[in-house]
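Residue numbers (the numbering used here), protein chains in the order written: chain B, 41 to 357; chain C, 41 to 357; chain P, 41 to 357; chain V, 41 to 357.
Glycine included, C-beta positions come from ideal geometry on N, C-alpha and C.
There are 4 protein chains.
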Amino acid sequence: MRSYEVKNRTNVDEIKALRLITAIKTPYLPDGRFDLEAYDSLIHMQIEGGAEAVIVGGTTGEGQLMSWDEHIMLIGHTVNCFGNTLKVIGNTGSNSTREAIHATEQGFAVGMHAALHINPYYGKTSFDGLVAHFNTVLHMGPTIIYNVPSRTGQDIPPGVVQKLARSPNLAGVKECVGNDRVEEYTRNGVVVWSGNDDQCHDSRWDYGANGVISVTSNLVPGLMRQLMFGGKNIRLNSKVMPLVEWLFQEPNPIGLNTALAQLGVVRPIFRLPYVPLPLEKRMEFVNIVKEIGRENFIGEEDVRVMDDDDFILIRRY
Amino acid sequence: MRSYEVKNRTNVDEIKALRLITAIKTPYLPDGRFDLEAYDSLIHMQIEGGAEAVIVGGTTGEGQLMSWDEHIMLIGHTVNCFGNTLKVIGNTGSNSTREAIHATEQGFAVGMHAALHINPYYGKTSFDGLVAHFNTVLHMGPTIIYNVPSRTGQDIPPGVVQKLARSPNLAGVKECVGNDRVEEYTRNGVVVWSGNDDQCHDSRWDYGANGVISVTSNLVPGLMRQLMFGGKNIRLNSKVMPLVEWLFQEPNPIGLNTALAQLGVVRPIFRLPYVPLPLEKRMEFVNIVKEIGRENFIGEEDVRVMDDDDFILIRRY
Amino acid sequence: MRSYEVKNRTNVDEIKALRLITAIKTPYLPDGRFDLEAYDSLIHMQIEGGAEAVIVGGTTGEGQLMSWDEHIMLIGHTVNCFGNTLKVIGNTGSNSTREAIHATEQGFAVGMHAALHINPYYGKTSFDGLVAHFNTVLHMGPTIIYNVPSRTGQDIPPGVVQKLARSPNLAGVKECVGNDRVEEYTRNGVVVWSGNDDQCHDSRWDYGANGVISVTSNLVPGLMRQLMFGGKNIRLNSKVMPLVEWLFQEPNPIGLNTALAQLGVVRPIFRLPYVPLPLEKRMEFVNIVKEIGRENFIGEEDVRVMDDDDFILIRRY
Amino acid sequence: MRSYEVKNRTNVDEIKALRLITAIKTPYLPDGRFDLEAYDSLIHMQIEGGAEAVIVGGTTGEGQLMSWDEHIMLIGHTVNCFGNTLKVIGNTGSNSTREAIHATEQGFAVGMHAALHINPYYGKTSFDGLVAHFNTVLHMGPTIIYNVPSRTGQDIPPGVVQKLARSPNLAGVKECVGNDRVEEYTRNGVVVWSGNDDQCHDSRWDYGANGVISVTSNLVPGLMRQLMFGGKNIRLNSKVMPLVEWLFQEPNPIGLNTALAQLGVVRPIFRLPYVPLPLEKRMEFVNIVKEIGRENFIGEEDVRVMDDDDFILIRRY
């Protein structure tokens, strides 16, 4: 008899078929712990809005600010509560190979459907080191490779992806380098999700990308669903663009955290080193919501401008 | 909207109704990590043998030799693979209140159906300290209190249980002190599971116990099922008794680990400070299996006497 | 060249020569972290009072409520600030052999002079398991074995100590079983420290014990110094006895924590599962201080009766 | 009485006065643990070669591959064994503010003389977030800020350093952006250490830098000492340059690890994601050693070309 866990492993084709994946926000309680009630509500709204999968503890979800036991718990929790309805992709990557191995084993053991793996940011390594790093985890289950040099300080060269593509477990690449790279991959049969919300419409319809791993869909899942499923739609894309630009004026998820608090769907709590956008920008957001239409955003409260004093910044948790 | 997790919390009556709960063994790989394939197979055999629930990471499962992230992962894994078929009770207790709180939150978050809580062993505390300790976790979900003074160095007095019984979350007590204590509780409407395999038949049929949290059922789940469900059966109880005595000649799970290895259902790997029973005792076990009947034990291989060299003792993992 | 660390390892004879060792209290800040300033002050008063060594993170110091990184940090801190003036003995024992190995390696690496090792409490093990457990750490440096069945649920039989005594690293035994056992060891050349403050005078002067590992010396180091160094002194011993009895009416360190708060030398903060002694007992303490003489206790403030509201109980930290 | 720890805190001027600081390599045992004996030997050779301080667990020392308890232990160990002879600067920075706070508290508690702090790499944050992040740790003791955008994906703008410079604890900046930035700081009274070995000579003698935090000095401490103390020396700088270029052809510490193994001063063990340089490059190193002179390198064995099979790559540890 084989392990139930291994027998039940998700087929990689189910991962390859995903078009709208949300890099889900992690909301907090006033003492800095996860606010699981708000989290469950966010996931619920993603399901209603048409997202097919979530990245748990991505950079958007501030995985880098979690201890690993929190992180794996959140993956297990998401699988347990929502795993039948959407795909749960755990960001079990790390710049430490040991940690990536440990977290990925644990993530699959608690039922995640796929792993997201980053190259070793900050520490960096050689071409051979990159291949060795990814090979320690690729055999464990369906895997998405994540390339974002503006964060990691190092591009994953296509030659590395080529080598990894020999494994049946490689589901594809979340690529942030741009549409030329997207096209290079999709021409060669590598599945790509855009990692840039501002480019994802074109990536999808002009460069062969499969879909998007999106930040913006935390706020307007229905619109992002349309952008990925409804055919080329330059008008809709233009309509969303001011929101995207607003979101990324500072390193993500600063904008997203600020926006979700103002929409009343999460408590206004930041784990440092993140701090809210300043008042002026918070006022801008209210206008953007009005332009795009409150009804396209998640939540049911009126959007409001929060005061500086409304926010809680957490140092120790 | 309330959290999915909270909404889905198991009703305490489902826990109270359980009769046969197995304190499941944790099997290991040669490097000391969990052997999840063997574990899943053990759980599968428990389901086939009629167990209704498992304690994950109890003293039998060597929770005391796990890091908490391993422990929570194993709970999440069990829920994910088997949670629809049997109840998963996480031993998230600790002698450190902080650890008990953290682990119990995490255990419920990944879907465990109930928590098992021990009093602070080794460190010990006062009557008021006991009540304060248990009250930090009792509100989180269905809870079984575990009293085993021979391990903890301190009896949980009935007065403490009385206070805890005011909470609707108290499912009952796993009691090892003896049948007088069992009767004291059951007369007062407190659900009790015997924590002593040698007494459980009498506890169940003569002293009002609900059932057993058993070590022996790891080996002979069908027989333990009969003892708990099939009515008073002194003959069967006597038949099983030599096995029970053999199992508990040294601190549990030394005997169980040795037995499962000889039955060929787990690798012969011990995490220190546990070491196998000596050869002479291992030979005795083979005779006990013959007496009781190989077909009543789990596994399909012939039982065999293992050599000293067959065992691997693990220090670092 | 050999490692500086190894070359500088403390000679076991320096450990064997110690007579007054204090199992030092760990004081806390209102958020539950260590209050290092108060800790340093406590150590300073021990030095002034004549203690020759401290146990860091013993059961008195609530090592069981620390994470290992806190525990090792506290050992390293103590060595760094006071290692030239007194001996630092880290309680790096555990009921998990892996944890004992890891902590003991780290403790010696940061400069502790000796390790205190407990047998596997709660989980327990066999005779062979005990020997195997201790042997994983004994080679690392000077070691004191700690026997306290009332906490561990299992006596360390003299046969185990006999086997360990073959190692030059065995400094001796902290024994709580009583003076017959003390005498059995000291007759056979095994160094013993009494682990019972109520027996230590007799152990020292009538049964051959080397000295004491004391809780009471946290409060009255000078008197305990006299008891261990000043020759048989039944009168002084009788004078101290009411304090000892008061301290141990509930599991240690409940009394000690209460006393130190009332002496104004630590903040009145308890990590659960410990809670202060009730008001009535707190009033008794003030009288005991008066009887014995405030000047014999550490600190300079008047002893006072604290209110229930003065105490802070910590659950998460 | 104030805490001994606080009273003994290093004066920031002692840190500002340092010229040659080595970002020390962490050597490993075959099971991936620290090889403390080799480490102590490396430190000893640094002292002999004229280094005045070490960075413990920097990117060179692979702090990003350590668990925090290992990291703090290594800081405590270094202080304990060598703290009287050289300054110990712990790289207790992190992209998680919580971790930076925790590690820095622990590092100072075990006696480190100063902290090195990086901006939040990978996760990144806003200007205000950077200031808030650093301000959580700056009050704890002497602090060096580390700016290396090629690793972090984000430059620390001089405006941030300006704000931090108001604290008496800011010892200075380890700057990798180039000599214009170095000059900008030194003109304004901010102490700078070059973080680029290829620029450090010019930074020191032409742009006002105080010294260097060096990788190359792991290999040739005496030569780096001369470069920092001996006055402008273009010839010596040119002599060292081929070694520097060889070292940084792949992300550091890949070259350094390879070099130290071939010099026979550390075991040829790599924690992934690092792998050795290929054979061709390893042969080049032997020639570089000959050119510069074996006697200028640490160690006493002949330098040799290692085979691929000589290296051990560690995944789990």
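- Beta-bridge annotation (DSSP): V/V213 is paired with V/I185, V/V232.
- If you draw a straight line from the Cα of V/T192 to the Cα of V/H157, it comes to about 12 Å.
- Setting aside the 5 residues that flank it on each side, C/E340 has no residue in the same chain whose C-beta is closer than 6 Å to its C-beta.
- Membership of C/L263 in the alpha helix (DSSP H) is indicated by the continuous run 261-269.
- The beta-carbon separation of C/N209 and C/H179, rounded to 7 Å, stays under the 8 Å limit for a contact.
- For B/P261, the number of other beta carbons within 10 angstroms of its own is at least 16, and it is reported as buried.
- Looking at C/D350, C/L114, C/A211, the one whose alpha-carbon comes closest to that of C/I184 is C/A211.
- Residue-level contact by beta carbon holds for V/Q104 and chain B, with a gap shorter than 8 Å.
- Taking C/R265 as the centre and dropping the five residues before and after it, the same chain places the C-beta of L60, G90 closer than 6 Å to its C-beta, in chain order.
- The beta carbon of V/L317 lies closer than 7 Å to those of E290, I294, G295, T298 in the same chain, with the five residues before and after it left out.
- For C/L156, the enclosing beta strand (DSSP E) stretches over residues 154-158.
- Distance check between C/G147 and each of C/A63, C/H241, C/P182, C/V252 places C/P182 closest, using alpha-carbon atoms only.
- Listed along chain B are V315, each with a C-beta nearer than 7 Å to that of V/D168.
- Under the three-state reduction of DSSP output, P/K65 falls in the coil class, being neither helix nor strand.
- One alpha carbon belongs to V/H84, the other to B/I354, and they sit about 41 Å apart.
- A distance below 6 Å between beta-carbons, with the five flanking residues on each side excluded, links P/D195 to the following residues of its chain, in chain order: P189.
- Sequence-distant partners of P/Y357 (beyond 5 residues in either direction) whose C-beta falls short of 6 Å from its own C-beta, in its chain, are G72.
- The beta strand (DSSP E) runs of length 3 or more contained entirely in the region 269-322 of chain C are, from start to end of the chain, 309-311.
- Within its own chain, the residues whose Cβ lies closer than 6 Å to the Cβ of V/V280, once the five positions on either side in sequence are excluded, are L263, listed in chain order.
- Each residue's CA atom was taken as its position, placing V/L259 and V/A93 some 15 Å apart.
- In the DSSP secondary-structure assignment, B/S254 is bridged to B/T62.
- Only E290, P291, I294 from the region 281-306 of chain V bring a Cβ to less than 7 Å from some Cβ of chain B.
- Proximity of the region 217-225 of chain V to the region 299-317 of chain V falls short of the contact definition, fewer than three beta-carbon pairs being nearer than 8 Å.
- Per DSSP, P/K127 is one residue of the beta strand (DSSP E) stretching across 127-130.
- Annotation: B/A140 to B/G133 spans about 5 Å, alpha carbon to alpha carbon.
- Classified as exposed, B/K272 has fewer than 16 neighbouring CB atoms from the shown chains inside 10 Å of its CB.
- Under the Cβ distance rule, V/G193 counts among the residues neighbouring chain B, one pair being separated by less than 8 Å.
- Counting along the chain, the unbroken alpha helix (DSSP H) around P/L82 starts and ends at 76-89.
- For the region 148-180 of chain C, the beta-carbon criterion of a distance under 7 Å to any beta-carbon of chain B is satisfied by A149, V150, G151.
- Sequence-ordered contacts of the region 84-101 of chain P with chain C read T99 [C-beta pairs closer than 7 Å].
- For P/I129 and B/A172, the gap between their C-alpha atoms comes out near 43 Å.
- Contact between C/V150 and B/G116 is confirmed by a C-beta separation of about 4 Å, below the 8 Å threshold.
- Bounds of any alpha helix (DSSP H) do not take in C/V96; it lies within the beta strand (DSSP E) bounded by 93-96.
- In terms of Cβ geometry, P/F325 and P/W286 form a close pair [threshold 8 Å].
- Taking C-beta atoms as the reference points, V/P313 and B/G218 fail to come closer than 8 Å.
- Here DSSP, grouped into helix, strand and coil, assigns B/I352 to strand.
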